[in-house]
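Novice: For the sequence shown, position 494 (counting from the first letter as 1) is numbered 494 according to full-length UniProt numbering, and the numbering increases by one without interruption.
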Amino acid sequence: MVSRSITARMSVVCAVVVHVLLLVWGIMSHSPVVDEVGHLSAGIIHWQTGDYRPYRVNPPLVRAIAVIPVLPLLGDTPVPHSPPIWDGDRTEFRDGLSLLQRAGDRYLLMIRLARLMCLPFSVLGLVMTWRWSSELYGALPGAAAAWLWCFSPTVLGHGALITPDVPAAALLVTTMFILWRWWKSPRFDLSVQLGLVLGLALSMKYTSLVALPVAGTAAVIAAARCPDWSGRQRIGSQFLVWCLLSVVVVNAVYGFRGSLVRLGDYRFVSAAFTGGAGQTSVYVTGNRFRDRALSSIPVPLPKEYLAGIDLQQRDFESHLRSYLRGEWRQGGWWYYYLYCFLVKVPVGTLVLLLLAVLGSATGRRLRTGELFVLAPALLVIAIASAKYGFSHHFRYVLPALPFLLIFSSKAVVTVPGRRVLRMVSRSAVVLSICASLAVAPHWLSFFNILVGGPSYGRYHLLNSNVDWGQDLLFLREWIESTGGREPIALAYFGLCDPALLGINAVPAEDFCGGRGVEPRYIAVSANLLHGGTSAMWLGGREYRVGGEEFVCLRDQEPAARAGYSILIFDRTRLENDGRSTH
1 MVSRSITARM SVVCAVVVHV LLLVWGIMSH SPVVDEVGHL SAGIIHWQTG DYRPYRVNPP
61 LVRAIAVIPV LPLLGDTPVP HSPPIWDGDR TEFRDGLSLL QRAGDRYLLM IRLARLMCLP
121 FSVLGLVMTW RWSSELYGAL PGAAAAWLWC FSPTVLGHGA LITPDVPAAA LLVTTMFILW
181 RWWKSPRFDL SVQLGLVLGL ALSMKYTSLV ALPVAGTAAV IAAARCPDWS GRQRIGSQFL
241 VWCLLSVVVV NAVYGFRGSL VRLGDYRFVS AAFTGGAGQT SVYVTGNRFR DRALSSIPVP
301 LPKEYLAGID LQQRDFESHL RSYLRGEWRQ GGWWYYYLYC FLVKVPVGTL VLLLLAVLGS
361 ATGRRLRTGE LFVLAPALLV IAIASAKYGF SHHFRYVLPA LPFLLIFSSK AVVTVPGRRV
421 LRMVSRSAVV LSICASLAVA PHWLSFFNIL VGGPSYGRYH LLNSNVDWGQ DLLFLREWIE
481 STGGREPIAL AYFGLCDPAL LGINAVPAED FCGGRGVEPR YIAVSANLLH GGTSAMWLGG
541 REYRVGGEEF VCLRDQEPAA RAGYSILIFD RTRLENDGRS TH
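1) Going straight from the alpha carbon of Ser191 to that of Pro399, what length do you get?
2) Among His81, Gly546, Met28 and Arg102, which residue has its Cα nearest to the Cα of Gly50?
3) What is the DSSP secondary structure of Tyr521, counted as helix, strand or coil?
4) DSSP three-state label for Phe256, please.
5) Closer than 7 Å: is that where the CB of Asp291 sits relative to any heavy atom of the ligand ADP?
6) Starting from the Cα of Gln313, find the closest Cα among Phe390, Ser408 and Val67 and give me that residue.
7) Using 10 angstroms around the beta-carbon of Asp228, count the other beta-carbons present and answer buried if the total reaches 16, otherwise exposed.
8) Just grab the DSSP bridge partners of Ser534 for me.
9) Buried or exposed: which applies to Thr129, given that a residue is buried once 16 or more other Cβ atoms fall within 10 Å of its Cβ?
10) Drop a sphere of 10 angstroms on the beta-carbon of Gly96, count the other beta-carbons inside from all chains shown, and report buried for 16 or more, exposed for fewer.
11) Shortest alpha-carbon distance to Pro346 belongs to which of Val430, Arg232 and Leu124?
12) Return the first residue and the last residue of the beta strand (DSSP E) that Leu567 is part of.
13) Measuring alpha carbon to alpha carbon, tell me which of Leu462, Tyr266 and Val197 ends up nearest Val253.
14) For Ile85, count neighbouring Cβ atoms within 10 angstroms of its own Cβ and tell me buried if that reaches 16, exposed if not.
15) Between which two residues does the beta strand (DSSP E) holding Ile488 run?
16) Would you say the segment 19-39 touches the segment 69-76, given that touching needs at least three Cβ pairs under 8 Å?
17) Whole angstroms is fine: what's the gap from Thr482's alpha carbon to Arg520's?
18) Using a Cβ-Cβ cut-off of 8 Å (strictly less than) and excluding sequence neighbours within five positions of Ala386, which residues of its own chain qualify?
19) Roughly how many whole angstroms lie between the Cα atoms of Val397 and Met28?
20) Quick one: using the 10 Å Cβ neighbour count with 16 as the cut-off for buried, is Asn576 buried or exposed?
21) For Cys434, does the count of other Cβ atoms within 10 angstroms reach 16, so buried, or fall short, so exposed?
22) So, for Leu61: in the same chain, excluding its five sequence neighbours on each side, which residues have a beta-carbon less than 6 Å away from its beta-carbon?
23) Please list, in chain order, all residues of the same chain as Val57 whose beta carbon is under 6 Å from its beta carbon, the five residues on each side excluded.
24) Nearest-angstrom Cα distance between Ile383 and Tyr337?
25) CB-CB under 8 Å to Arg426, same chain, minus the five flanking residues each way: which ones, in chain order?
26) Using a 10 Å radius around the Cβ and a threshold of 16 neighbouring Cβ atoms, would you call Leu185 buried or exposed?
27) Which first and last residues belong to the beta strand (DSSP E) in which Val506 is found?
28) If you run the structure through DSSP and keep just helix, strand and coil, what is His582?
29) If you follow the beta strand (DSSP E) that Tyr322 is part of, which residue opens it and which one closes it?
30) Using the three-state DSSP reduction, which class does Gln313 fall into: helix, strand or coil?
31) According to DSSP, what are the bridge partners of Gly286?
32) Do Val343 and Val210 have their CB atoms nearer than 8 Å?
33) Considering only the alpha carbon of each residue, which of Ser295, Ala160, Val123 and Met10 lies closest to Trp25?
34) Start and end of the beta strand (DSSP E) containing Arg329?
35) Could you check if Gly125 is buried or exposed, using at least 16 other CB atoms within 10 Å of its CB as the buried criterion?
36) According to DSSP, is Gly278 part of a helix, a strand, or is it coil?
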C-alpha cells in the first residue's frame with residue numbers, strides 16, 4: 001500500500017511538470033484570442049485608474065494578476081481609456097484595440113507574459129483534483145484524475161489564456177474541497193480558509209456563485225445535526241466568519257470602491273433587474289427595487305460587482321445569433337452544453353464518466369463527499385443551460401469539469417462487473433491522453449472521434465469552441481514555408497491585426513459573389529466560412545467580413561490549414577478542378 005501511494009505521488013509530480021510544459025507550449029504557440037484583447041487592456045486600466053467598469057461582465061482578479069508583469073513595459077504611458085456611452089457600454093474592446101495598435105510588435109510579448117501569470121491557477125486545479133479524488137477513492141483514482149486534468153484539451157486550451165475560466169474552475173473546486181473538509185469536522189481554521197478561498201473564487205467569475213447555495217445548505221444541515229445548542233452556535237458563528245471574510249476579500253479585490261451603495265441607487269440594464277420583461281433595447285436603464293422595501297438596503301459588495309452580474313444577464317436576454325450543427329438561430333438551445341460535452345470531451349473521459357455513473361447506480365449509494373463533488377457541477381450545467389438567450393461557448397461550463405473528472409476517476413477501481421471493466425476504465429485514461437496529444441497544441445479546436453476529430457468540428461460548433469483567433473502564428477508559419485513573396489487574401493475572425501505579426505495579406509473580397517480575389521491563396525477563419533460575421537483589422541484599417549461571402553468554399557477541401565481554425569484554399573486548384581466559385 002505504501003509503495004502504491006508513493007508511486008501515485010510521483011506520478012502526480014510528473015503530471016504537474018508535464019502540464020506546465022504543455023501550457024507553456026500553448027502560451028507561446030497561439031496569437032491573442034478575442035477576449036484576451038479586452039482582458040489585457042481592462043486589467044491595465046484597473047491598475048492605472050482604479051476604474052473597474054471595463055470588462056465588468058467578469059470580476060477583475062484574474063486580469064489584474066495577469067497584467068502585473070506587463071505594467072513595467074508601459075512605463076508612464078497610460079492605456080487609452082474611453083468613457084462608457086451608457087451604463088451597459090462595453091468599452092474594453094475599444095480600449096484593447098487602441099492598446100494593440102499603440103503597442104505594435106510588443107503586444108505579443110505582453111500577451112505571453114500575462115498568460116504565464118495565469119499558469120499557476122491551472123496547476124492548482126490539477127493538485128486539488130488529485131487531492132480530492134485521492135481522499136475519496138484512493139491513490140490510483142487520484143493519479144488518474146490528475147492526468148485527466150493534465151491532458152484535458154479544454155483545460156489546456158483555456159489554461160494558456162488570460163481568461164478567467166480555468167482559474168475560476170480551480171478556485172471553485174478548491175472552495176468545495178475545503179467546504180467538504182469543514183463538513184466532516186467543523187473547525188474555526190477551516191472556516192477562515194473557506195472564507196478566504198470563497199472570496200477569491202467569487203472574484204474570478206460569477207459562475208462561482210454556485211458555491212453559495214451549496215455552502216449555505218451544508219451549514220444548515222451541519223447545524224441541524226448538532227445535538228445541543230452550543231454546537232449550533234459554533235456552526236452559526238463559523239458560517240458568519242466565512243461569509244464576512246468572503247465579502248471582505250471581494251471588496252478588497254475591487255479596492256473597497258463602491259461598497260455599501262443602496263440597492264435603490266443602482267441603474268440596471270437587464271430586464272431581470274429593471275423589471276422590464278423582454279426589454280433589452282440599448283440605453284434603457286431602470287431599477288425594479290426602487291421605491292420598494294429593499295431600496296434602502298446597502299449592498300455589501302462593490303457596485304461594479306452587482307452591475308457586472310446585471311450586464312451579463314442582459315447579454316443572455318439579448319437572444320444573440322447562435323450556431324449548432326450547421327444551424328443558425330436567434331437565441332440558443334437548452335441542450336447546447338450537453339452536446340458540447342459529448343463532442344468536446346475525449347471519448348475515454350466520457351467512458352470513465354459513464355462507468356462511474358453505472359457504478360453508483362448499481363452499487364452503493366453516493367457518499368456524502370460525492371454529493372459535494374456533484375452538486376456544484378450539476379448546478380453550473382443547469383444554470384448555464386437555463387440561460388439559453390445565446391449559445392456560444394463550452395467554456396461557460398468549464399468550472400464543472402474538475403468535479404466531473406474527480407467523479408469519473410472512481411471508475412478505475414470501482415466499476416460494475418469484473419476485471420475486464422477495470423481494464424477498460426484504465427485504458428480509457430490512456431486513450432484520453434492520446435487523444436489530447438494527437439491535436440497538440442491546438443486544444444481549443446479539439447473535437448473527439450465521435451464527430452471525426454477537429455477537422456470536422458466546425459460543422460458542429462463555432463466561436464471559441466473552434467475559432468477564437470488563435471492561429472495567426474501558424475498562418476504566418478505556413479506563409480513563410482511557401483516563400484511568402486506574394487500576399488494572401490485573408491478573412492480573419494479576431495481582433496489582432498495580422499499585419500502586426502508580419503503577415504503579408506490583403507482583405508478577402510466577396511469570393512463567392514463574383515468579385516473574386518487577386519492572390520492565389522485565400523485564408524478564411526472557420527467562423528466566417530460557416531456564416532459568422534466579424535470586424536477584421538488589417539494594417540490599421542477595419543473591414544467587415546463573413547456572412548455568406550464564402551459559402552461556396554464551405555465544403556471544399558482546403559489546400560492547407562493553419563491550426564484547425566483557419567482554412568487555406570488554392571484558387572488555382574479550385575478553378576482547375578472545374579468547381580464553380582461564383
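Ideal placement from N, C-alpha and C gives every residue a C-beta, glycine not left out.
Specialist: Checking against the coordinates, here is how it stands:
1) 23 Å
2) His81
3) strand
4) coil
5) As far as ligands go, the structure on display features none, and thus does not contain the ligand ADP.
6) Phe390
7) exposed
8) Val545
9) buried
10) buried
11) Val430
12) Ile566 to Asp570
13) Val197
14) exposed
15) Ile488 to Ala491
16) no
17) 12 Å
18) Trp334
19) 26 Å
20) exposed
21) exposed
22) Ser203, Met204 and Val253
23) Gly308, Leu311 and Gln312
24) 11 Å
25) Ala144 and Val412
26) Correcting the residue identity first, residue 185 is Ser in this sequence and not Leu. Exposed, by the Cβ-count rule.
27) Ala505 to Pro507
28) Unreliable placement is indicated for His582, whose pLDDT of 43 sits below 50; no coordinate value is reported for it.
29) A quick correction: the sequence has Ser, not Tyr, at residue 322. Its beta strand (DSSP E) spans residues Arg321 to Leu324.
30) helix
31) Phe268
32) no
33) Ala160
34) Glu327 to Gln330
35) buried
36) Summary for Gly278: the model assigns pLDDT 48, below 50, so the residue's position carries little reliability; its value from the coordinates is reported in the next sentence. Coil at Gly278, not helix or strand.
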